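These notes are about the structure you will find just below.
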Amino acid sequence: MAALTMTFAGASGNTAKQMSQVLRINEFKGNDVHSAFQELNDLILSPNALFTLKSANRLYGQKDYTFLESFLKTTKVHYQAMLMPIDFKSVAENARTEINSWVSEQTNNKIKDLIAPGVLDSLTVLVLVNAIYFKGNWLSQFDPNSTSFQPFHASSGESIPVVMMYQIGYFDYFEDKQLKCQVLSLPYVGNTLRMVIILPHPSINLTNLESKINMQVITSLGKRSREQKVHVSFPRFKLEQSFDLNDHLSLMGMPDVFNVNKADLSGIAESEDLYVSKVIHKAFVEFKEEGTEAAAATGFDYVCFSCGPSIEDIPAFKPTDHSYFSYLRYIMWFHFVSWKSCKSTRE
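Residue 713 in my numbering sits at position 158 of the sequence shown, with consecutive numbering throughout.
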């Protein structure tokens, strides 16, 4: 979200109105949203945390283009984003390589090619990058000796062999009879951050369940959950995926910022022909016995009910028969935003 709120710092008129509604920040006044974002970062990115979580922001601006000092001050003070002069006009490919190298460095080499060839060109005037890297170890780690190959049934119906981890222990767990799903919370060392996994019953479509999950449901599940003994089986996996968010953000209600004729980014530069050409989200996550490593992810947390079951009553959490989805308590993402001028040349 940092990349989008930094863009919002330079938006005006209907463009700003649309962005504030989609980003749910329309109740903030002035620079309050940027101050709040800074406070949230200071809280989450605590140097005393027992997991690694770092965030980095940077602006890459065409070296002969003039940006407003007010915009540069806001992004520097609240997001620690420095402006790096770069030459998109003459050597856009070299600029792409430089930006990708910085991204790779900030994400411990997990995100290596954020910007694909051809995305940047001579009309690009500004690229804004927000990188977040996370690595945490489970409070209760999976024993590698208990890991084995087992069949996993994907949502497509295909059965594929996967490396399945296993442990039995006390975890936050809850089974919702109405939503027909199981919820398991796996804490990381320090117990301030957790991976929450939601597993629908075999008869429930994953997409349908996702559409029913909102903050009200999350809060309700958390209040009804308790700690108990659970058999936990979970696949070991590594996932990397890239998303172009232009269409999604437009459909959510902020199309003007992508429209060369409607975008109002007059708070970034005096030029009237500035618009956002591309918003890219790229995510990496690795889930293994020791813990999780991620360069982007999203998530929230539950707790579960406590009891002393007999061995035959211990619930099993085993996503081998159907698909699941998961979240981290702290929201983590990786965004790239580029602005272009609609003119063929810069004056």
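Positions of the beta carbon are idealized from the N, C-alpha and C atoms, including for glycine. In this text the structure is predicted, and so the values were computed from the model without any measurement.
Exposure of residue i, with buried meaning 16 or more beta-carbon neighbours within 10 Å
| i | result |
| --- | --- |
| Y857 | Bear in mind that the predicted position of Y857 carries a pLDDT of just 15, short of 50, making it unreliable; the figure below should be weighed with that in mind. Classification of Y857: buried, given that the 10 Å Cβ count is 16 or more. |
| S780 | buried |
| L794 | exposed |
| Y725 | exposed |
| H803 | exposed |
| P757 | exposed |
| E848 | buried |
| A686 | buried |
| K665 | buried |
| I715 | exposed |
| P755 | buried |
Contacts around residue i, its chain only, beta-carbon distance under 6 angstroms, and the 5 residues preceding and following it disregarded
| i | result |
| --- | --- |
| I723 | H786 |
| Y688 | K609, T662, N663, A850 |
| P699 | E844 |
| G846 | G691, N692, W693 |
| S797 | K837 |
| I580 | V588 |
| M552 | Outside the displayed range of the chain (556 to 902) lies residue 552, so it cannot be described from this structure. |
| Q593 | H633 |
Beta-carbon spacing of residue i, residue j below 8 angstroms
| i | j | result |
| --- | --- | --- |
| D727 | E782 | yes |
| D819 | T570 | yes |
| T629 | H589 | yes |
| A647 | Y615 | no |
| V680 | I654 | no |
| A671 | N612 | no |
| K496 | P640 | Absent from the model: residue 496. The displayed extent of the chain is 556 to 902, so no value can be given. |
Counterpart residues of residue i in DSSP-defined beta bridges
| i | result |
| --- | --- |
| K793 | E841 |
| D799 | I835 |
| Y620 | Partner(s): none; Y620 has no beta bridge. |
| G691 | T847 |
| E782 | D727 |
| S659 | According to DSSP, S659 bridges with nothing at all. |
| P706 | P716 |
| K609 | Y688 |
| I641 | Q617 |
| Y743 | W693 |
Cβ neighbours of residue i in the same chain (closer than 8 angstroms, five flanking residues each side left out)
| i | result |
| --- | --- |
| L623 | G565, G822, I823, A824, E825 |
| D811 | N569, T570, Q573, K817, A818, D819 |
| C859 | Because C859 sits at a pLDDT of 18, beneath the cut-off of 50, its placement in the model cannot be relied upon, and the following sentence gives the value as read from the coordinates. Hits under 8 angstroms: F726, D727, Y728, F729, V738, L739, S740, S780, R781, E782, Q783. |
| F563 | A571, M574, S575, L578, I580, V588 |
| P706 | S714, I715, P716, V717, T875 |
| S625 | G822 |
Close-in-space but distant-in-sequence residues of the same chain around residue i (CB under 7 angstroms, 5 per side omitted)
| i | result |
| --- | --- |
| L694 | P742, Y743, V744, N746 |
| N814 | Y830 |
| L627 | L638 |
| S659 | I666, K667 |
Rounded separation between residue i and residue j - CA only
| i | j | result |
| --- | --- | --- |
| L595 | M770 | 19 angstroms |
| I759 | K735 | 7 angstroms |
| I768 | L776 | 10 angstroms |
| M720 | G673 | 41 angstroms |
| V718 | Q696 | 16 angstroms |
| L559 | S703 | 42 angstroms |
| V834 | F789 | 33 angstroms |
| I753 | I773 | 11 angstroms |
| V632 | L806 | 31 angstroms |
| T762 | E713 | 17 angstroms |
| F643 | H708 | 47 angstroms |
| F792 | L764 | 22 angstroms |
| D676 | S656 | 18 angstroms |
| D799 | S701 | 39 angstroms |
| E582 | F842 | 37 angstroms |
| S832 | D597 | 30 angstroms |
| D828 | S567 | 13 angstroms |
| Q635 | F839 | 24 angstroms |
| M561 | N586 | 11 angstroms |
| L669 | N801 | 15 angstroms |
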